[in-house]
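Number of protein chains: 2
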Amino acid sequence: MAVSDKQTEERIFEAATDIFVEKGMDGARMQDIANRAGINKAMLHYYFRSKDHLFNAVFEKVAAKMFEKFSPVLDEELSLQDKIRFFYREHITFLQNNQQLPAFILNEINRNPERIKRLLKNLELDKLWMMILEKHGEELKDFNITPDLMPQIMVSIASLSVFPFAARGILEALFEKTNVDFDKFMEERKTFAADFVIRALKK
Amino acid sequence: MAVSDKQTEERIFEAATDIFVEKGMDGARMQDIANRAGINKAMLHYYFRSKDHLFNAVFEKVAAKMFEKFSPVLDEELSLQDKIRFFYREHITFLQNNQQLPAFILNEINRNPERIKRLLKNLELDKLWMMILEKHGEELKDFNITPDLMPQIMVSIASLSVFPFAARGILEALFEKTNVDFDKFMEERKTFAADFVIRALKK
DNA sequence: GTCTATAGAAGGATAGAC
DNA sequence: GTCTATCCTTCTATAGAC
């Protein structure tokens, strides 16, 4: 059996990821994690010492998974427009397969802002922006993009794909009466968001 | 003293709001609420029976406060463009004064999606859209706005103002190295977001 | 209505046998 | 490494005096 072949530590880690992402740090119970992993509570402490240690391990893994999805766009040899389209296709697809990640990460960061600072200490955002600006130097005259606007632009781009997943509960309640299906909505959003941003940025 | 003159129930409710919004349902402690209200734990149960009852009372009040901020825009006698500008000015100002609300509400809804459905049972979103479309009928030929796009458009508009507050912890960590100040960023966003959306929607 | 004291349950953590 | 049993703290909730 694939499951029972897995090493215990890995089984615990995966169970903990499921439970923490679903319930959050405060709502998660060590007993629930042990149950899902198919072992007893004592093993959790044997491998991870404490709930806090276990949570930190899970959070760092999960947050890294989330953030690294933002970068591959940069390497692609595409026009600025096509990069935006590429980004939303890839990013929304990723979030479709990890629907609870945005809410989990946003929430846990607000509970403990220090955590994120450790995680992002290597990220040099200003240099990233400069790379983008330089790489697409010639195209930029067609766009409303300047260095000082980069924070607003980047946050706007991320908002359009991340927010709907973070707000899924509300959106589904709102959509219920209007016969809009959330999954279909997100599928269409891959192109809608790209078009929206491109029009917003084009001169 | 204004504070000690307040009726006990109200003092409890306000203290509970502060604590629940800050820590979430699972992280909040009845003792903390009692301390902040300046009374003992027993009184919380005397007035609100249980932590669950108290939380529900707080959540419904807070969520209502959030949602009702979306509607006054509709009553204003403004062009579509000016409504969008008006919305972001008002809405971001409201969120600046209630910075923790987005993360709190998004998170608690994901933990208990049923709650939101009760709250939104009176909201008839489809009729709202129709009202907007009818009211601005003549202007619409200049915009990429059709009934079937309304869900995407409305979610996009909300994303741009709500998401940055929900993600404040991340943004501040990212901004730290680039000398961007979050408060200044949100102040500028009142006009940036409006311009962004208007360009995105204009033909 | 308000307080103190405490019941009763739950949860994180550990001791110790195997 | 893995298990059972249990410790100890924390938390919600209530009993009962005033």
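Just so you know, the protein sequences line up as chains S and Z, in that order. Under our numbering, the first residue of the first sequence carries the number 1, and numbering increases by one thereafter. Under our numbering, the first residue of the second sequence carries the number 1001, and numbering increases by one thereafter. Glycine is no exception: its CB is placed at the ideal position from the N, C-alpha and C atoms.
Under the 10 Å beta carbon count, S/Arg-168 is surrounded by 16 or more other beta carbons and is classified as buried. Restricted to the segment 50-79 of chain S, the alpha helix (DSSP H) segments that are unbroken, complete and at least 4 residues in length are 51-67, 72-75, listed in chain order. Interface criterion met: the Cβ of S/Asn-110 is under 8 angstroms from a Cβ in chain Z.
In this structure S/Asn-144 does not touch S/Leu-80 by the C-beta definition: roughly 12 angstroms separates them, more than the 8 angstroms allowed. As far as DSSP is concerned, Z/Phe-1048 takes part in no beta bridge. Look at Z/Gln-1007: its C-beta is not under 8 angstroms from any C-beta on chain S. Around the beta-carbon of S/Tyr-46, fewer than 16 other beta-carbon atoms lie within 10 Å, marking it exposed. Within 10 angstroms of the beta-carbon of S/Pro-72 lie fewer than 16 other beta-carbons, which makes it exposed. Counted as a single uninterrupted DSSP element, the alpha helix (DSSP H) harbouring S/Asp-126 occupies residues 125-135. Judged by DSSP secondary structure, Z/Gly-1169 falls within the alpha helix (DSSP H) whose first and last residues are 1168-1176. The C-beta distance from Z/Phe-1185 to S/Pro-151 rounds to 6 angstroms, short enough to fall under 8 angstroms. In the three-state DSSP reduction, Z/Lys-1202 falls in the strand class (E or B).
Closest in alpha carbon position to Z/Thr-1093, among Z/Arg-1199, Z/Thr-1191, Z/Phe-1196, is Z/Thr-1191.
In this structure, Z/Phe-1013 places its C-beta atom within 8 angstroms of the C-beta atom of Z/Ala-1057. Looking at the DSSP output, S/Phe-86 shares a beta bridge with no other residue. With the rule of 3 Cβ pairs closer than 8 angstroms, the segment 1017-1027 of chain Z does not count as touching the segment 118-133 of chain S. Within chain S, no C-beta atom comes less than 7 angstroms from the C-beta of Z/Thr-1146; the nearest is roughly 12 angstroms away. Counting the other Cβ atoms within 10 Å of the Cβ of S/Leu-174 gives 16 or more, which makes it buried. Counting every other CB atom within 10 Å of its CB across the protein chains shown gives S/Glu-108 a total of 16 or more, marking it as buried.
Under DSSP, the beta-bridge partners assigned to S/Phe-143 are S/Lys-202. Scanning its chain for C-beta atoms nearer than 7 angstroms, with the 5 sequence neighbours on each side dropped, one finds around Z/Glu-1076 the residues Lys-1083, Phe-1086, in chain order.
Going by DSSP, S/Glu-9 is part of the alpha helix (DSSP H) stretching over 8-27.
Taking all protein chains in view, the Cβ of S/Ser-159 is crowded by 16 or more other Cβ atoms within 10 Å, so the residue is classified as buried. Z/Arg-1011 and Z/Val-1062 have their C-alpha atoms spaced approximately 16 angstroms apart.
When secondary structure is reduced to three states using DSSP, Z/Asp-1183 falls in the helix class. For the options Z/Asp-1032, Z/Ala-1016, Z/Asp-1142, the alpha carbon positioned closest to that of Z/Phe-1048 is the one of Z/Ala-1016.
In the structure shown, S/Gln-100 falls within a coil segment according to DSSP collapsed to helix, strand and coil. Just so you know, the alpha carbons of Z/Ser-1161 and Z/Val-1155 end up roughly 10 angstroms apart. Burial is judged here by how many other beta carbons sit within 10 angstroms of a residue's own beta carbon; Z/Leu-1074 has fewer than 16 and is exposed.
For S/Leu-78, same chain residues with a beta-carbon under 7 angstroms away, outside a window of 5 residues either side, are Phe-86 in chain order. The C-alpha of Z/Phe-1070 lies about 50 angstroms from the C-alpha of S/Ala-42. Not a single CB atom of chain S sits nearer than 8 angstroms to the CB of Z/Gln-1081.
One thing to note: S/Lys-51 has its Cβ within 8 angstroms of the Cβ of S/Met-30. When the Cα atoms are used, S/Ala-194 and S/Asn-97 turn out to be separated by approximately 20 angstroms.
In the three-state scheme derived from DSSP, where H, G and I count as helix and E and B as strand, S/Leu-120 is classed as coil.
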